[in-house]
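A short write-up of the structure that comes next.
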Amino acid sequence: MENKIKTKNKKAFTLIELLIVIAIIGILASVILVSLNSARDKARQKVAYATLRSAQAALVECVTQNLGVRCQGNLDVHLSSNDCGGGNLAIPVAGTSLCGNATNNNTEDLAYDWPDISTHGYRYTGYVGSQYSLGRFVVSIIEDKNNDGFSDDSNLFCCTHAGCRIVNIAVGTLYNAVSIRANCRAAFSGIITED
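Numbering of the sequence shown is given in this note's numbering, commencing with residue 4 and proceeding in unit increments.
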C-alpha cells in the first residue's frame, strides 16, 4: 500500500509548465542567433575592409611608380585592359595584375593582384582614376547581401590615395563613375574633387 501512495504523491511537469520552458528556450535561442549573425556580418565586413586596404596600399605604390592600374570591363568607355585612368569607371577583376605596366624589369616587388573579395560577400563596384595625373583614384566595393546587383545594400567601402573609409548610406545603382565619386566624396570631403 505504501508504494501506491508514494506514486500518487509524485508530481510531474504540467503541460503549461513545459510550454513555458520551451517558449523561454526559443526566445533565448533566437536572441543568440541574431547576435551570432551580427557578429558574423561584422567579421566579414572587417575582413573585406582589411583586404581592400591592402589593395589600396598596392594601388598607391603602382601609381607612385607611374605603372598604371589594370582593370577590365570598362563601363564608361572602351579602354584597353591595362588602362583605368581618367575619370572612367572600370571593374577590377580578382586575380588579375593590379599594376598595369608592371614587368619583371621594373617591379619585381610590385607583383600585386586584385584581391578576391567575393568570398566575404562583397563585390567591386569600380575603380575610377580620378585626377590620375595627380596620383588620385577611388576604388570601391559594396556588400551584396542578396546577390541582386546592389539594389538595396548600403555598406560601401571607398579607398583613395589618402586611405579607406566605410560609407553607410543607401546606395542604389553604382555603375557609373559620377555616382561612385559622389558617394565616396561624402567620406573624403575635400580629397576627391571634381574633374
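Think of the CB as a built atom: it goes at the ideal place given N, C-alpha and C, for glycine as much as any other residue.
Since the structure is predicted, the reported quantities are computational estimates derived from the model, not experimental observations.
Extent of the continuous alpha helix (DSSP H) run through residue 121: Working through the sequence shown from its first residue, we reach residue 121 at position 118. No alpha helix (DSSP H) holds residue 121; DSSP gives it neither H nor E.
Among 18, 51, 98 and 55, nearest to residue 163 - alpha-carbon criterion: Residue mapping note: residue 163 aligns to position 160 of the sequence shown, counting from 1. Closest option to residue 163, Cα to Cα, is 55.
The beta strand (DSSP E) enclosing residue 163, as first and last residue numbers: Taking the first residue of the sequence shown as 1, we reach residue 163 at position 160. It spans 158-163 - the beta strand (DSSP E) in which residue 163 sits, taken as one unbroken run.
6 Å CB neighbourhood of residue 15 in its chain, flanking five on each side removed: As a first step, residue 15 is located in the sequence shown; it is residue number 12 there, counting from the start. Hits under 6 Å: none found.
Reference residue 115, options 65, 30, 31 and 121, closest by Cα: Reading the sequence shown from its first residue, position 112 is the one you call residue 115. Ranking the options by Cα distance to residue 115, first place goes to 65.
Collapsed DSSP secondary structure at residue 134 in the structure displayed: As a first step, residue 134 must be located in the sequence shown, where it is residue number 131. Summary for residue 134: the model assigns pLDDT 47, below 50, so the residue's position carries little reliability; its value from the coordinates is reported in the next sentence. Three-state result, residue 134: coil.
Residue burial classification, residue 203 (beta-carbon count within 10 angstroms, cutoff 16): Lying before the first or after the last residue shown, residue 203 is absent from the chain, which here runs from 4 to 198.
Counted within 10 angstroms of its Cβ, other Cβ atoms place residue 100 as buried (16 or more) or exposed: Counted from its first residue, the sequence shown places residue 100 at position 97. Classification for residue 100: buried.
Simplified DSSP state of residue 17, which is helix, strand or coil: Numbered from its first residue, the sequence shown carries residue 17 at position 14. Here residue 17 sits in coil by DSSP.
Buried or exposed (CB count within 10 angstroms, at least 16 for buried), residue 23: Here residue 23 corresponds to residue number 20 of the sequence shown, with the count starting at 1. Per the 10 Å Cβ criterion, exposed.
Reduced DSSP category for residue 116 - H, G, I as helix; E, B as strand; rest coil: To locate residue 116, count along the sequence shown from 1; it is residue 113. Residue state, collapsed to three classes: strand.
Reduced DSSP category for residue 166 - H, G, I as helix; E, B as strand; rest coil: Residue 166 sits at position 163 when you count from the first residue of the sequence shown. Residue state, collapsed to three classes: strand.
Other residues of its chain near residue 144: CB distance less than 7 Å, five sequence neighbours each side excluded: By 1-based counting over the sequence shown, the position of residue 144 is 141. Once the five neighbours on either side are set aside, the close Cβ partners of residue 144 are 51, 55, 120, 125, 126, 127, 128 and 160.
Backbone secondary structure at residue 54 - three-state DSSP: Taking the sequence shown and counting its residues from 1, the one referred to as residue 54 is at position 51. Helix.
Proximity test, Cβ basis, 8 Å: residue 44 and chain C: The structure shown contains no chain C, having only a single protein chain.
DSSP three-state assignment for residue 129, whether helix, strand or coil: Stepping through the sequence shown from its first residue, residue 129 is reached at position 126. If DSSP states are grouped into helix, strand and coil, residue 129 belongs with the strands.
Boundaries (first-last residue) of the beta strand (DSSP E) holding residue 96: As a first step, residue 96 must be located in the sequence shown, where it is residue number 93. Premise fails: residue 96 is in no beta strand (DSSP E) and is neither H nor E.
Pairwise C-alpha distance: residue 17 and residue 25: Here residue 25 refers to the residue found at position 22 when the sequence shown is read from its first residue. Here residue 17 refers to the residue found at position 14 when the sequence shown is read from its first residue. So the two alpha carbons sit approximately 13 Å from each other.
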